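The next block holds one structure in the form of structure tokens; read it before the comments.
2 protein chains.
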Amino acid sequence: MATVGDLGEFGLISAFVGRFPQGPAVFVGPGDDAALLRTPKGHVVVSTDLLVEHRHFRQDWASATDIGRRAAAQNLSDINAMGGRATALTVGLALPPDLPAQWVLDLADGIAAEAALVGASIIGGDITRGTEIVVAITVLGECSVAPVLRSGARPGDVLAIAGRQGWAAAGLAVLGRGFRSPRSVVAAHQRPEPPYEAGPLAAAGGATAMIDVSDGLVADVGHVAQNSGVRIDIWSTAFTIDEPLQSVGAALGVDPLSFVLGGGEDHPLVATFPAGTTLPAGFRAVGAVTAAGEDGPGVTVDGAVYEGDPGWTHF
Amino acid sequence: MATVGDLGEFGLISAFVGRFPQGPAVFVGPGDDAALLRTPKGHVVVSTDLLVEHRHFRQDWASATDIGRRAAAQNLSDINAMGGRATALTVGLALPPDLPAQWVLDLADGIAAEAALVGASIIGGDITRGTEIVVAITVLGECSVAPVLRSGARPGDVLAIAGRQGWAAAGLAVLGRGFRSPRSVVAAHQRPEPPYEAGPLAAAGGATAMIDVSDGLVADVGHVAQNSGVRIDIWSTAFTIDEPLQSVGAALGVDPLSFVLGGGEDHPLVATFPAGTTLPAGFRAVGAVTAAGEDGPGVTVDGAVYEGDPGWTHF
Chain W
8 MATVGDLGEF
18 GLISAFVGRF
28 PQGPAVFVGP
38 GDDAALLRTP
48 KGHVVVSTDL
58 LVEHRHFRQD
68 WASATDIGRR
78 AAAQNLSDIN
88 AMGGRATALT
98 VGLALPPDLP
108 AQWVLDLADG
118 IAAEAALVGA
128 SIIGGDITRG
138 TEIVVAITVL
148 GECSVAPVLR
158 SGARPGDVLA
168 IAGRQGWAAA
178 GLAVLGRGFR
188 SPRSVVAAHQ
198 RPEPPYEAGP
208 LAAAGGATAM
218 IDVSDGLVAD
228 VGHVAQNSGV
238 RIDIWSTAFT
248 IDEPLQSVGA
258 ALGVDPLSFV
268 LGGGEDHPLV
278 ATFPAGTTLP
288 AGFRAVGAVT
298 AAGEDGPGVT
308 VDGAVYEGDP
318 GWTHF
Chain U
8 MATVGDLGEF
18 GLISAFVGRF
28 PQGPAVFVGP
38 GDDAALLRTP
48 KGHVVVSTDL
58 LVEHRHFRQD
68 WASATDIGRR
78 AAAQNLSDIN
88 AMGGRATALT
98 VGLALPPDLP
108 AQWVLDLADG
118 IAAEAALVGA
128 SIIGGDITRG
138 TEIVVAITVL
148 GECSVAPVLR
158 SGARPGDVLA
168 IAGRQGWAAA
178 GLAVLGRGFR
188 SPRSVVAAHQ
198 RPEPPYEAGP
208 LAAAGGATAM
218 IDVSDGLVAD
228 VGHVAQNSGV
238 RIDIWSTAFT
248 IDEPLQSVGA
258 ALGVDPLSFV
268 LGGGEDHPLV
278 ATFPAGTTLP
288 AGFRAVGAVT
298 AAGEDGPGVT
308 VDGAVYEGDP
318 GWTHF
């Protein structure tokens, strides 16, 4: 089986790039010193995320295709969280030379499949040697209305969520114990399904602040609270604990609500809307915003400080 | 001395981002899900490059500031090679937790200083844990005229170069033997000085094809020849062998011309211009373009196939 080292840089890049169709917004795609992308609105939304093997993924826990989908989804979700639509990605890879070349092509297929969900093209990148696999993706996009920042939540706003929450954390817990089922939560960890339609809908529907849940619900709502200078109370009873989360909780002896409150990587959107706003399709109310008060900005769950793990930290 | 692990993700990001002033083209800088950048021309030029420790830099061979400058320069040079001007960068870092935090801040200072040379802002990024240092930079820019691709060279064109060539390779050769002098070539390896003015001048001055020399002169001119379907002859006598290259060649027993022909990482620009064009400031003629003929596209040096090392490969 051919390795990355066998193919060499140019052979690998050529095969890799061949997996990526180029959309109409692309003037110049891969193969030159830089790519050229049309940006009709006179601005571009940009975000970068890195995935490192063993830290963010394991080859034995997910296929290369799923890892590619997840790497792309994580980045595309950042544009979604601004209320934007992604148009293009660049992909930087550090790869051990003994890695099977097929793994890299499967990764490319996963990235391409996820990007296709939102109509984005992979327009450039870089491949080099490293001792561990690093996938560095930068995503470019546009907003048709003003972007929704983390800093706009105001007292009186309603907190709402769109998309699945807690499934990926339950999947990770299962994999961490050496199990492969329930299949549904394992699949949710391997391949998130961010609600890509929800971001632009929230922006158009009057959202005052928005973030995607990538680190953990309490942690990420905490970023909105801090940046907006408010307190946000999350209503745990507003979350249905889906059946597979109940099963996993029972099997592992943990409260399944911890998957919902502490879990990340499902990439739902949480947004705040002025009271009385008709929530856009897909959103449901799960909390409320109040003034920071004397305790300062922060998050509570059912009115109390959350004592569980609020989410993932990178060091 | 505080390490990356001591500061934690958010402490480190906060200190890192504090090093980066934001220019007028930035709507939304670091700290949200994505950044927003103004793109007045309705398009954006994009390029991504990764630097991996031990592969592209060594902590004992260059300061963190110089590594930051080099990482930024390598990326900015890709926009230069399109004839564009860089406006913004994102910086993704994988970092071992025991790395001194000061190293990361010095790296930031180097990136900021190099970006300031062209007026570009660092608008976003990601920091995560890894076993080796990876610096993944994506650069965004604009072109005021049509971009200059690698594919436009035509028979009859003149090949011209702007910027220093061979110094970084001489510096690398010196460092590889355990020496630290001549200081001028070591400094050239540690911190390239790409001719950032030359790219837009070449684009405005009628360049038909352009590339920056990052892998090696013969290798990179070879990319232009292949993409344009032409033969390009490099005239070795058109290159002055600068004094420090002569000294290094004599000391190491190698032909100093090999630094010029095989060396990369100085990031000069090589461009082709129609015969008779007045070359833009900074460019000098160093070769000629002819039809591919029966041997097909490729590069010769003084009319013959170059037998030396044509340049760097990534695997």
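Residue numbers (our numbering), protein chains in the order written: chain W, 8 to 322; chain U, 8 to 322. Where a beta carbon is used, it is the ideal one built from N, C-alpha and C, also for glycine. Quantities reported herein were computed from a predicted structural model and do not represent experimental measurements.
Under 7 Å by beta carbon: chain U residues contacting residue i
| i | result |
| --- | --- |
| residue 44 of chain W | 50, 51 and 53 |
| residue 316 of chain W | Chain U residues near residue 316 of chain W: none, gap ~15 Å exceeds 7 Å. |
| residue 273 of chain W | The contacting residues do not exist; residue 273 of chain W stays about 15 Å from chain U at best. |
Residue i, buried or exposed, once every other Cβ within 10 Å from all chains shown has been counted against 16
| i | result |
| --- | --- |
| residue 94 of chain U | buried |
| residue 132 of chain U | buried |
| residue 149 of chain W | buried |
| residue 196 of chain U | buried |
| residue 266 of chain U | buried |
| residue 21 of chain U | exposed |
| residue 42 of chain W | buried |
| residue 247 of chain W | exposed |
| residue 328 of chain U | Any question about residue 328 of chain U goes unanswered here, given that chain U covers just 8 to 322. |
| residue 81 of chain W | buried |
| residue 151 of chain U | exposed |
| residue 206 of chain U | buried |
| residue 250 of chain W | exposed |
| residue 53 of chain W | buried |
| residue 76 of chain W | buried |
| residue 89 of chain W | buried |
| residue 279 of chain W | buried |
| residue 317 of chain W | buried |
| residue 312 of chain U | exposed |
| residue 281 of chain U | exposed |
| residue 92 of chain U | buried |
Own chain residues within Cβ distance below 6 Å of residue i, not counting five before or after
| i | result |
| --- | --- |
| residue 292 of chain W | 165 and 167 |
| residue 306 of chain W | 225, 228, 229, 232 and 239 |
| residue 101 of chain W | 135, 137 and 141 |
| residue 309 of chain W | 243 |
| residue 66 of chain W | none |
| residue 128 of chain U | 29, 30, 33 and 95 |
| residue 69 of chain W | 197 |
Chain U residues whose Cβ lies nearer than 9 Å to that of residue i
| i | result |
| --- | --- |
| residue 99 of chain W | 55, 56, 57, 99, 141, 143, 144 and 145 |
| residue 35 of chain W | 52, 89, 154 and 156 |
| residue 105 of chain W | Those within 9 Å of residue 105 of chain W in chain U number zero; the least Cβ separation is about 11 Å. |
| residue 278 of chain W | Neighbours of residue 278 of chain W on chain U: none; closest Cβ ~12 Å, over 9 Å. |
Counterpart residues of residue i in DSSP-defined beta bridges
| i | result |
| --- | --- |
| residue 50 of chain W | U/45 |
| residue 92 of chain W | W/149 |
| residue 217 of chain W | W/278 |
| residue 291 of chain W | W/168 |
| residue 131 of chain U | U/97 |
| residue 303 of chain W | Residue 303 of chain W is not bridged to any residue. |
| residue 240 of chain U | U/295 and U/307 |
| residue 144 of chain W | W/56 and W/98 |
| residue 33 of chain U | U/44 |
| residue 136 of chain W | W/102 |
| residue 246 of chain W | None, per the DSSP bridge assignment. |
| residue 64 of chain W | W/60 |
| residue 107 of chain W | W/10 |
Own chain residues within Cβ distance below 7 Å of residue i, not counting five before or after
| i | result |
| --- | --- |
| residue 255 of chain W | 177, 180, 181, 189, 192 and 263 |
| residue 59 of chain U | 139 and 141 |
| residue 73 of chain W | 117, 197 and 198 |
| residue 120 of chain U | 76 |
Chain-ordered chain W contacts of residue i [CB-CB under 7 Å]
| i | result |
| --- | --- |
| residue 47 of chain U | 49 |
| residue 22 of chain U | Under the 7 Å cutoff, chain W gives no residues; its nearest Cβ is about 13 Å from residue 22 of chain U. |
| residue 309 of chain U | Those do not exist, as residue 309 of chain U stays about 26 Å from chain W at its closest Cβ, beyond 7 Å. |
| residue 262 of chain U | Those within 7 Å of residue 262 of chain U in chain W number zero; the least Cβ separation is about 26 Å. |
heavy atom of the ligand NAP below 6 Å from residue i C-beta
| i | result |
| --- | --- |
| residue 121 of chain W | You won't find the ligand NAP in this model; it holds no ligand whatsoever. |
Contact set for residue i: own chain, Cβ-Cβ below 8 Å, skip 5 residues either direction
| i | result |
| --- | --- |
| residue 106 of chain W | 10, 11 and 140 |
### Query
Which residues, in order along the region 110-139 of chain U, keep a beta-carbon less than 8 Å from a beta-carbon of chain W?
130, 131, 132, 133, 134, 135, 136, 137, 138 and 139
### Task
Taking only beta carbons into account, state which residues of the region 138-166 of chain U come closer than 7 Å to chain W, listed in chain order.
138, 139, 141, 143, 145, 147, 154, 156 and 157
### Chain-ordered residues of the region 290-307 of chain U with a beta carbon less than 8 Å from chain W
none
#### Entry: Contact residues within the region 204-227 of chain W, judged by C-beta distance below 7 Å to chain U
218 and 219
### Query
Got a sec: which bits of the region 56-86 of chain W sit with their beta carbon under 7 Å from any beta carbon on chain U, in order along the chain?
56, 57, 59, 62, 85 and 86
### Task
Check each residue of the region 231-254 of chain W: if its Cβ is closer than 8 Å to any Cβ of chain U, include it; give the result in chain order.
234
### Task
Would you list, in chain order, the members of the region 175-199 of chain U that have their beta-carbon closer than 8 Å to a beta-carbon of chain W?
none
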